[in-house]
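Residue numbers (the working numbering): 120 to 585.
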């Protein structure tokens, strides 16, 4: 699928199920009306072709870009239509004819393309009508922070700029009310549908939401100071979270129906994920080179000493009489029985004094690379069960030089000789150092970044209008 080639990247940050809104073209109908709908932006009717299909309004990509002051790129190989806020705005050729011609019964086809805005997924699937790409107007408008009001009776679509409403400011950068509200609604919904909160409890949720907004904006300011921008890698991370969230909840339409109850839009979700990814990226950059102190490492070692274990290890040889061929196809019952008899015969010969190495070279048939590559002796680590538990149990029941009885595993019949063995022991601090560094890395860097954020808060001008 073209979509899967575009959506890549791995990252860990909280995935918010309340943040997605978009549109997919799913109806099986094939016809629509041309220019039976009027569209206005901030109270002014615009000239634009429209398709009224399945009670939704679609507009041509090129024409809507003219009114949204953006441009676009179409990649037929990846199957993407990327709207770009910067770049040359398309010229309004023949604008006097836009929206004028009336038609019905137009053939509509779904387009196997993904819509994006500056490389970020929009979750809008375009349609094709008369060789022209059309997009769902309401969904696209929301991504440009325009509120959409559709009247099906009058067949009108009114678009308005979101109100300039703010709940505070961080170093002069305004905190939009929509941004704050999304964080507040998220907390409210996490508590449950039917919960009744007191005034004080609601104020506490407001405080938590406001504080998170402040932290995210401070982190974005720190990102700018460190020259961090949304490059392709970070956009892929954002897209991965958006795509995972949609998939996790069974599709965009189901999410759209849920979040619409609370006035949350898709763009609110994009904004949150963008801030979150920037915060993690700036944390990664400013904490590079931060390592735990020797005192902290020693204290961690002392408190967790019993977890730093060198497991028991053994070096063994074996005679294997296989019950599978080189392609791991199991032998017939008859052949398996003959192999069992051979293994038992070899065991009897060893007990009678025959040389293990001589019999191994003559009879052992090992098709498994992990053991066959080391005929002089391969390692068995207690607890890993690289072959089978019964094999491991037999190994660690032996003393160096001893030979086991016949042991049956999924590979065949084994006769095991123990070459050497190390008992389980606690690692020294030096042996555990690299592991301690790895285990403390996230905590130390997170604490460093959190301390840095606290200093920034103290030195910043934070205004709260709530």
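Here a beta-carbon is modelled for each residue, glycine too, at the ideal position from N, C-alpha and C.
At which residue ranges does the stretch 502 to 534 contain complete beta strand (DSSP E) runs of 3 or more residues, listed in the order of the chain? none
Would you tell me roughly how many angstroms separate the C-alpha atoms of residue 148 and residue 244, rounded to the nearest one? Because residue 148 sits at a pLDDT of 46, beneath the cut-off of 50, its placement in the model cannot be relied upon, and the point is left open.
Taking a contact to mean a Cβ-Cβ separation below 8 Å, would you say residue 332 touches residue 298 in this structure? yes
Inter-stretch contact at 8 Å, needing at least 3 Cβ pairs: the stretch 354 to 374 / the stretch 425 to 444: no
List, from N- to C-terminal side, the beta strand (DSSP E) runs of 3 residues or more that fit wholly inside the stretch 157 to 200. Taken in chain order, the whole beta strand (DSSP E) runs of length 3 or more contained in the stretch 157 to 200 are 157 to 160, 163 to 165, 170 to 172, 175 to 179, 190 to 194.
Can you say whether residue 318 is buried or exposed, counting buried as having 16 or more other CB atoms within 10 angstroms of its CB? exposed
Starting from residue 550 and walking both ways along the alpha helix (DSSP H), at which residues does that stretch end? 548 to 578
Just how far apart, CA to CA, sit residue 158 and residue 585? 36 Å
Tell me which residue opens and which closes the alpha helix (DSSP H) that residue 388 is part of. 385 to 405
Among residues of its own chain, excluding the 5 on either side of residue 424, which ones have a beta-carbon nearer than 7 Å to its beta-carbon? Counting only Cβ-Cβ distances below 7 Å, and skipping sequence neighbours, we find 545.
If you draw a straight line from the alpha carbon of residue 445 to that of residue 550, how long is it in whole angstroms? Rounded to the nearest whole angstrom, the CA to CA distance from residue 445 to residue 550 is 39 Å.
Buried/exposed call for residue 378, threshold 16 Cβ in 10 Å: buried
Closest Cα partner of residue 234 within the set 210, 280, 212, 179: 179
Whose C-beta lies closer than 8 Å to the C-beta of residue 280 among residues of the same chain, with five residues either side of it excluded? 161, 264, 265, 266
Does the distance from the CB of residue 290 to the CB of residue 323 come in under 8 Å? no
May I ask you to list the residues that DSSP assigns as paired with residue 202? 191, 236
Taking the alpha-carbon of residue 542 as reference, which of 283, 553, 514 has the nearest alpha-carbon? 514
Delimiting residues of the alpha helix (DSSP H) encompassing residue 478: 475 to 482
Taking only heavy atoms of the ligand COA into account, decide whether any of them is closer than 7 Å to the Cβ of residue 367. Among the components modelled here there is no ligand, and therefore nothing to report on the ligand COA.
Taking the CB atoms as reference points, tell me whether residue 347 and residue 397 lie closer together than 8 Å. In this structure, residue 397 lies closer than 8 Å to residue 347 by Cβ.
Mind checking whether residue 253 and residue 185 have CB atoms under 8 Å apart? No.
Let me check one thing: in DSSP terms, what residues is residue 207 bridge-paired to? Answer is none; residue 207 lacks a bridge partner.
What does residue 285 pair with, by DSSP beta-bridge criteria? 295
Who are the near neighbours of residue 156 in its chain, counting only those whose CB is closer than 7 Å to its CB and skipping five residues on each side? 169, 171, 176, 274, 275, 276
On the three-state DSSP scale, how would you describe residue 485? coil
Using the beta-carbon count (16 or more within 10 Å), is residue 529 buried or exposed? exposed
Closer than 8 Å is the cut-off here; do at least three beta carbon pairs connect the stretch 465 to 478 with the stretch 563 to 573? no
Whole angstroms are fine: how far does the CA of residue 422 sit from the CA of residue 345? 37 Å
Residue 416, buried or exposed, once every other Cβ within 10 Å from all chains shown has been counted against 16: With 16 or more other Cβ atoms from the protein chains shown falling within 10 Å of its own Cβ, residue 416 counts as buried.
Residues in its own chain within less than 7 Å of residue 328 by CB, not counting five upstream and five downstream? 299, 302, 303, 306
If we ignore side chains and look at the alpha-carbon of each, how far apart do residue 202 and residue 246 end up? Rounded to the nearest whole angstrom, the CA to CA distance from residue 202 to residue 246 is 16 Å.
Among 489, 338, 242, which one has its Cα closest to the Cα of residue 570? 338
Out of 374, 163, 556, point me to the one whose CA is closest to residue 242's CA. When only C-alpha atoms are compared, the closest one is 374.
Reference residue 527, options 459, 539, 227, 579, closest by Cα: 459
C-alpha gap between residue 232 and residue 191, whole angstroms: 13 Å
Could you pull the DSSP bridge partners for residue 269 from this structure? Here residue 269 is bridged, per DSSP, to 276.
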